[in-house]
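Take a look at the structure set out below.
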Amino acid sequence: EPERLRTNMAAYSNLSFEEVVQELIKQKEVVRKKDAHIRELEDYIDNLLVRVMEETPSILRTPYEPKRKAGKISKK
């Protein structure tokens, strides 16, 4: 860990204080956007799960035995 810290610090040692602060602000914005995206995906999954529970709850049973494999078209 100390070696990794030194390596990371060396990458920023040639930057001014203002440049380091600008980089920090950019990184905080990246994290904020990723957090928002994660929340959107969690909401989507929650809504999808509710729809599955309402429409076809049997697919959530364990063990689930599908009548056909996903992506396969059965020939009759």
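Under the working numbering, the letters of the sequence shown match residues 4 to 79, in that order.
All C-beta atoms, glycine included, are put in the ideal place defined by N, C-alpha and C.
Item, Value
"N-terminal and C-terminal residue of the alpha helix (DSSP H) that Glu26 is part of", "20-58"
"Helix, strand or coil at Pro5 according to DSSP, with G and I counted as helix", "helix"
"Beta-carbon gap between Ile62 and Val53 smaller than 8 Å", "no"
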